[in-house]
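K.L.:
Before we start, here is the structure in question, set down as structure tokens.
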Amino acid sequence: MNLAIALAYLMAAVLFILGLKQLSSPKGARNGNFTAAAGMVIALGATLPLLHFTTAGLVIIGVGVAVGALIGAFGARMVKMTAIPQMVALFNGVGGGAAALVAVSELLTFGTRPPFAEAFPSVFSIVIGSISFAGSMVAFAKLQELMTGTPITYPGQQLVNGLLAALIFGFVVAVLVIASIPFSFVALMVLALILGVAFVLPIGGADMPVVISLLNAFTGLAVAASGFTLNNFALIVAGTLVGASGSLLTKLMSDAMGRSLGNVLFGAFGKVRTGTAAAGGKEARSVRAGSAEDLATLLAYSRRVIIVPGYGLAVAQAQHAVRELADLLEKRGVEVNYAIHPVAGRMPGHMNVLLAEANVPYEQLKEMDEINDQFRDADVVLVVGANDVVNPAARSSPGSPIYGMPILNADQAKNIVFMKRSMRPGFAGIDNDLMYDPKTIMFFGDAKDSLTKLVTAVKAA
Amino acid sequence: MSNELLTEVTYFVLAIFVGIEVISKVPTILHTPLMSGTNAIHGIILVGAIVIAAGADSPLTIALGLVAVILATTNVVGGFVVTDRMLEMFKGRAAAPKSTATR
Numbered sequence: 009m010n011l012a013i014a015l016a017y018l019m020a021a022v023l024f025i026l027g028l029k030q031l032s033s034p035k036g037a038r039n040g041n042f043t044a045a046a047g048m049v050i051a052l053g054a055t056l057p058l059l060h061f062t063t064a065g066l067v068i069i070g071v072g073v074a075v076g077a078l079i080g081a082f083g084a085r086m087v088k089m090t091a092i093p094q095m096v097a098l099f100n101g102v103g104g105g106a107a108a109l110v111a112v113s114e115l116l117t118f119g120t121r122p123p124f125a126e127a128f129p130s131v132f133s134i135v136i137g138s139i140s141f142a143g144s145m146v147a148f149a150k151l152q153e154l155m156t157g158t159p160i161t162y163p164g165q166q167l168v169n170g171l172l173a174a175l176i177f178g179f180v181v182a183v184l185v186i187a188s189i190p191f192s193f194v195a196l197m198v199l200a201l202i203l204g205v206a207f208v209l210p211i212g213g214a215d216m217p218v219v220i221s222l223l224n225a226f227t228g229l230a231v232a233a234s235g236f237t238l239n240n241f242a243l244i245v246a247g248t249l250v251g252a253s254g255s256l257l258t259k260l261m262s263d264a265m266g267r268s269l270g271n272v273l274f275g276a277f278g279k280v281r282t283g284t285a286a287a288g289g290k291e292a293r294s295v296r297a298g299s300a301e302d303l304a305t306l307l308a309y310s311r312r313v314i315i316v317p318g319y320g321l322a323v324a325q326a327q328h329a330v331r332e333l334a335d336l337l338e339k340r341g342v343e344v345n346y347a348i349h350p351v352a353g354r355m356p357g358h359m360n361v362l363l364a365e366a367n368v369p370y371e372q373l374k375e376m377d378e379i380n381d382q383f384r385d386a387d388v389v390l391v392v393g394a395n396d397v398v399n400p401a402a403r404s405s406p407g408s409p410i411y412g413m414p415i416l417n418a419d420q421a422k423n424i425v426f427m428k429r430s431m432r433p434g435f436a437g438i439d440n441d442l443m444y445d446p447k448t449i450m451f452f453g454d455a456k457d458s459l460t461k462l463v464t465a466v467k468a469a
Numbered sequence: 586m587s588n589e590l591l592t593e594v595t596y597f598v599l600a601i602f603v604g605i606e607v608i609s610k611v612p613t614i615l616h617t618p619l620m621s622g623t624n625a626i627h628g629i630i631l632v633g634a635i636v637i638a639a640g641a642d643s644p645l646t647i648a649l650g651l652v653a654v655i656l657a658t659t660n661v662v663g664g665f666v667v668t669d670r671m672l673e674m675f676k677g678r679a680a681a682p683k684s685t686a687t688r
């Protein structure tokens with residue numbers, strides 16, 4: 009490797025690491041993203057001068073970059089903040105696909121008998137990159153509601169997936185050890201794509217972000233493997249950084265839900281036990297519903313109010329309305345805080361992004377561990393479009409699919425106001441006893457309409 | 586094992602530790618931007634895509650190169666832009682009235 013390129017790649021790697029480090033504080037985070045982008049520009053700039061371009065090569069790079077930049081910029085600009093998770097899945101998937109294609113192209117240049125040191129990482133990149141591509145596309149389709157978001161299961165599914173994986177493994181060994189048959193990677197790619205789809209199909213609901221994070225780590229590893237094939241330092245380091253950090257993030261995310269990664273991936277969450285949970289006689293139980301005026305009085309004369317925002321708030325685009333209500337209450341001397349569950353929204357941190365969009369200062373956003381002891385001193389907990397994260401079943405009923413997930417102690421507050429569109433269960437598809445609690449007042453309707461009504465009523469109170 | 590491969594494996598192992606170390610200090614509220622940011626970084630595969638596309642001379646390699654460059658560029662540009670969109674919203678209120686009065 010040329011010395012100038014080596015130094016430029018080293019600089020890019022340092023910038024990636026610094027960028028990730030800056031992401032650890034909300035104030036430095038945006039700079040962190042710029043730092044990483046600068047690293048990317050340097051890495052790309054250093055790569056170009058020493059390449060020998062064919063005419064066709066020049067054309068396809070020009071056209072490819074233009075088309076990709078257009079799709080990427082347009083997609084990223086147009087996407088609604090609520091749709092961020094599927095957008096991340098999409099951008100991740102195309103990266104995995106690119107890594108697989110790079111490995112395929114490189115393998116072709118070696119003819120029939122590539123050396124093991126090149127063949128092994130190439131085959132790894134093809135398999136993992138293809139799984140990431142196909143899996144991410146299924147995740148995108150599920151979150152975008154192009155297909156059902158619930159787990160798709162059938163008898164013997166684990167066995168079929170296991171056989172697929174074994175088949176791929178056998179194929180890999182055959183290609184690497186016995187003989188490299190020309191174009192054997194095509195079959196390998198097809199198998200890996202099928203496994204990618206089959207792997208994500210049985211996962212649904214609240215577990216999707218964990219899978220996206222895992223596939224993100226996969227793509228990182230596929231990129232690193234392509235780096236081994238091309239003997240490219242920048243790809244190895246950047247890919248590995250993402251692979252390692254993505255794996256840790258995946259673990260943190262499943263920890264936040266109180267479940268093991270294995271349970272997330274193979275548990276078909278929200279599918280098995282919903283029937284029994286929903287059959288718990290919810291028709292028989294009654295709930296207390298309140299009017300905007302009742303609730304306004306309750307809120308306006310409270311001392312401490314904690315707002316628990318959930319995905320329903322985001323869907324209704326009610327971030328601004330909730331901030332207006334909070335500002336109004338603060339003017340009356342009420343202390344308002346937001347309790348953010350680690351998996352509020354559809355990804356850890358997703359809710360913070362949405363509330364930040366409405367200029368809610370992040371000093372008011374309290375993480376679960378920070379605020380859980382304060383619920384018992386709260387006069388009112390306002391649950392806006394959240395459900396599973398305040399479901400006491402996570403603490404009390406071992407049979408529930410969310411049992412063991414850490415939850416917000418909303419049930420300890422003096423009053424609970426539940427703003428919900430209907431009695432429908434939440435993302436995890438299970439019933440919530442908190443709605444039937446005598447301390448709970450239900451306020452039905454679209455989150456934005458409800459909040460607007462409340463704002464008007466509080467002004468009058 | 587050749588010298589070059591040995592060096593590469595060294596980078597690989599060290600990068601694993603750096604990746605874990607850097608991420609372990611990120612607060613939960615930044616997990617989504619972080620995931621999106623790391624997502625943009627693995628767009629470095631664009632370097633690889635350009636390397637293989639540069640020498641494309643047959644219909645097959647041209648097709649592979651073109652698709653790889655498009656996919657990788659979408660990853661890089663989309664990843665960084667969407668991360669920036671998320672992060673530009675993380676603005677604190679300089680003087681927060683009352684709200685900071687937590688116990």
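Listed in order, the protein sequences are those of chains A and B.
Each number in my numbering corresponds to the 1-based position in the first sequence with 8 added.
Each number in my numbering corresponds to the 1-based position in the second sequence with 585 added.
Don't be surprised by glycine CBs; every beta carbon is placed ideally from N, CA and C.
Since the structure is predicted, the reported quantities are computational estimates derived from the model, not experimental observations.
Below 8 Å on the Cβ atoms is my guess for residue 139 of chain A versus residue 236 of chain A; work out the distance and round it to an integer in Å.
P.N.:
At roughly 18 Å, the Cβ-Cβ gap does not stay under 8 Å, so residue 139 of chain A and residue 236 of chain A are not in contact.
K.L.:
Buried or exposed, going by whether 16 or more other CB atoms sit within 10 Å of the CB of residue 294 of chain A?
P.N.:
exposed
K.L.:
Output the boundary residues of the alpha helix (DSSP H) element that contains residue 692 of chain B.
P.N.:
Outside the shown range of chain B (586 to 688) lies residue 692 of chain B, about which nothing can therefore be said.
K.L.:
For residue 595 of chain B, decide whether its Cβ has a neighbour in chain A, counting only Cβ atoms nearer than 7 Å.
P.N.:
no
K.L.:
Under the DSSP definition of a beta bridge, which residues are partnered with residue 317 of chain A?
P.N.:
According to DSSP, which records beta bridges pairwise, residue 317 of chain A is partnered with A:392.
K.L.:
Between the beta-carbon of residue 397 of chain A and the beta-carbon of residue 416 of chain A, is there less than 7 Å?
P.N.:
Cβ atoms of residue 397 of chain A and residue 416 of chain A: closer than 7 Å.
K.L.:
One question on the structure: do residue 95 of chain A and residue 632 of chain B come within less than 7 Å of each other, judged by their Cβ atoms?
P.N.:
no
K.L.:
Straight-line CA distance for residue 141 of chain A to residue 597 of chain B?
P.N.:
Straight-line measurement puts the Cα of residue 597 of chain B at about 23 Å from the Cα of residue 141 of chain A.
K.L.:
Identify, in the order they occur along the chain, each residue of the same chain with its Cβ nearer than 6 Å to the Cβ of residue 659 of chain B, setting aside the five sequence neighbours on each side.
P.N.:
Hits under 6 Å: none found.
K.L.:
With H, G and I counted as helix, E and B as strand and the rest as coil, what does DSSP make of residue 424 of chain A?
P.N.:
strand
K.L.:
Whose C-alpha, out of A:429, A:151, A:459, is nearest the C-alpha of residue 453 of chain A?
P.N.:
A:429
K.L.:
Kindly indicate which three-state DSSP category residue 244 of chain A falls into: helix, strand or coil?
P.N.:
helix
K.L.:
For chain B, find out if any of its Cβ atoms is closer than 7 Å to the Cβ of residue 38 of chain A; answer yes or no.
P.N.:
yes
K.L.:
Mind pulling the chain B residues with CB within less than 8 Å of residue 80 of chain A?
P.N.:
658, 659, 660, 661, 662, 663, 664, 666
K.L.:
Alpha carbon to alpha carbon, how far is residue 413 of chain A from residue 708 of chain B? Give it in angstroms, no decimals.
P.N.:
Nothing can be reported for residue 708 of chain B, as the shown portion of chain B is limited to 586 through 688.
K.L.:
Thinking C-alpha only, which one of B:635, B:621, B:637 is nearest residue 671 of chain B?
P.N.:
B:621 is the residue among B:635, B:621, B:637 whose C-alpha sits nearest the C-alpha of residue 671 of chain B.
K.L.:
Closest Cβ-Cβ distance between residue 624 of chain B and chain A: below 7 Å?
P.N.:
yes
K.L.:
Taking CB distances under 7 Å as the criterion, tell me whether residue 216 of chain A reaches chain B.
P.N.:
no
K.L.:
If I'm right that residue 256 of chain A touches residue 608 of chain B with Cβ under 8 Å, what's the distance once you round it to whole angstroms?
P.N.:
5 Å
K.L.:
Would you list the residues sitting across from residue 440 of chain A in a DSSP beta bridge?
P.N.:
The partner list for residue 440 of chain A (beta bridge, DSSP) is empty, contrary to what the question assumes.
K.L.:
Alpha carbon to alpha carbon, how far is residue 156 of chain A from residue 62 of chain A? Give it in angstroms, no decimals.
P.N.:
Taking C-alpha positions only, residue 62 of chain A is separated from residue 156 of chain A by approximately 46 Å.
K.L.:
Am I right that residue 72 of chain A and residue 638 of chain B are in contact with their C-beta atoms under 8 Å? What's the rounded C-beta distance?
P.N.:
Rounded, the Cβ-Cβ distance is 7 Å, consistent with contact.
K.L.:
Does residue 153 of chain A come within less than 7 Å of chain B when only Cβ atoms are used?
P.N.:
Closer than 7 Å: no.
K.L.:
Let me check understanding here. Comparing Cα to Cα, which of A:355, A:117, A:405 lies closest to residue 191 of chain A?
P.N.:
A:117
K.L.:
Would you tell me roughly how many angstroms separate the C-alpha atoms of residue 85 of chain A and residue 111 of chain A, rounded to the nearest one?
P.N.:
Take the alpha-carbon of residue 85 of chain A and the one of residue 111 of chain A: they are about 31 Å apart.
K.L.:
Between which two residues does the alpha helix (DSSP H) containing residue 449 of chain A stretch?
P.N.:
Run containing residue 449 of chain A: none in the alpha helix (DSSP H); it sits in the beta strand (DSSP E), 448-452.
K.L.:
Could you list which residues in chain B have their beta carbon closer than 9 Å to that of residue 57 of chain A, in chain order?
P.N.:
What residue 57 of chain A touches in chain B: nothing, since even the nearest Cβ is about 11 Å away.
K.L.:
Taking the CB atoms as reference points, tell me whether residue 347 of chain A and residue 392 of chain A lie closer together than 7 Å.
P.N.:
In terms of Cβ geometry, residue 347 of chain A and residue 392 of chain A do not form a close pair [threshold 7 Å].
K.L.:
Considering only C-alpha positions, which residue in the set A:36, A:202, A:108, A:462 is nearest to residue 653 of chain B?
P.N.:
Each of A:36, A:202, A:108, A:462 was checked against the Cα of residue 653 of chain B, and the nearest Cα belongs to A:108.
K.L.:
Hey, out of A:345, A:395, A:331, whose CA is closest to residue 367 of chain A's CA?
P.N.:
A:331
K.L.:
Taking buried to mean at least 16 other C-beta atoms within 10 Å of its own C-beta, is residue 121 of chain A buried or exposed?
P.N.:
exposed
K.L.:
List the DSSP bridge partners of residue 374 of chain A.
P.N.:
A:347
K.L.:
Please report the straight-line C-alpha distance between residue 201 of chain A and residue 356 of chain A, rounded to a whole angstrom.
P.N.:
28 Å
K.L.:
When you compare each of A:383, A:57, A:27, A:123 to residue 11 of chain A by their alpha carbons, which one comes out closest?
P.N.:
A:57
K.L.:
Please classify residue 299 of chain A: is it buried, with 16 or more other beta-carbons within 10 angstroms of its beta-carbon, or exposed?
P.N.:
So residue 299 of chain A counts as exposed.
K.L.:
Counting only beta-carbon separations shorter than 7 Å, does residue 99 of chain A have a partner in chain B?
P.N.:
For residue 99 of chain A, a Cβ of chain B is located within less than 7 Å of the residue's own Cβ.
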